[in-house]
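Convert by adding 729 to the 1-based position in the sequence shown; the result is the number in the working numbering. The structure appears below as structure tokens.
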Amino acid sequence: SFVPALKRLSLGLLFLVTYTLSSLYISDEYLISDDYMEKPFWFRCGYILIWGKIILYKYVTCWLVTEGVCILAGLGYNGKDQNGKPLWNACANMKVWLYETTPLFTGTIASFNINTNAWIARYIFKRLKFLGNKLLSQALALFFLAIWHGLHSGYLVCFQMELLIVIVERQVINLVRDSPPLSTLASITVLRPIFYVLQQANHWMFMGYSLVPFCLFTWDKWMKVYRSIYFFGHVLFFTLLLVLPYIRRVLVPRKEKLKRTE
């Protein structure tokens, strides 16, 4: 188990160095500083994008180093794969490659703090099945997760934003899949790198946007930042939530809708 443990420890130290060096220039405190407020809108948004990417590395570092310790202690052993190779992911809390490469919010959720997410899904979300409404169960599970973190208003706002973004993201994915012109456009090989870069920029922009209240905790701080960028994340996603059903009516042929309901 020494080599697998060393790999996770080394990876954790890499994230630690990245976070430590970046924190010299990027910090929570700067978000509420007068200098930040005086910057142009594009700069404030760009800073949140980069800050949102970097700020989570401190959690990634802790989980990877802890995983390395668990592997070294034997707690990470998870049997063998189909080729007889030992698996050491029993205590894994991060899927690093997925976390770094996914352009989707749901991909980040699936790769980040996976043990807590699995616990919430098993003991909260699934036990709310009696409600008969998956969206309501998901909302209540996220509400529990927010309260579990603490009573600061920032936690509630963060997980409310997560729910909104995930709903809209799923609607967009379904729209692109079911719309012939959009699916054709998305399948053009030469355009895929461009789409990927745009998705990643959108992904981390609004990941950072959602993390602002989570990291600043109190309403006076996160409200100050949101006011400086005109609540554009909320405006955008609430607008998309209302508009996407009408866009779907235009771009998805009736026969495609019938196929989806069969």
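The beta-carbon is built from N, C-alpha and C at its ideal position, and this holds for glycine as well.
DSSP beta-bridge partners for residue i?
i: M823; result: F841
i: P815; result: K809
Starting from residue i and walking both ways along the alpha helix (DSSP H), at which residues does that stretch end?
i: F888; result: S882 to D907
i: Y754; result: Looking at the DSSP string, Y754 is not in any alpha helix (DSSP H), and its letter there is neither H nor E.
i: K787; result: Y786 to L801
i: G937; result: R921 to L945
i: Y765; result: D763 to E767
i: Y955; result: W948 to S957
i: L873; result: Per the sequence presented here, residue 873 reads as Phe, with Leu not at that position. Counting along the chain, the alpha helix (DSSP H) containing F873 begins and ends at K863 to H878.
i: L971; result: F961 to L980
On the CB-based measure, 16 or more other CB atoms within 10 Å of its CB, does residue i come out buried or exposed?
i: N822; result: buried
i: F960; result: exposed
i: Y975; result: exposed
i: A875; result: buried
i: Y759; result: exposed
i: F744; result: buried
i: L750; result: exposed
i: L793; result: buried
i: L871; result: buried
i: S762; result: exposed
Tell me the rounded alpha-carbon separation between residue i and residue j.
i: I784; j: S752; result: 8 Å
i: D949; j: I849; result: 29 Å
i: Y754; j: R983; result: 52 Å
i: S739; j: Q811; result: 27 Å
i: F854; j: K863; result: 9 Å
i: G741; j: L801; result: 15 Å
i: W817; j: W877; result: 29 Å
i: K814; j: K736; result: 16 Å
i: L940; j: W826; result: 21 Å
i: T790; j: I838; result: 17 Å
i: L857; j: S866; result: 6 Å
i: S840; j: Y828; result: 5 Å
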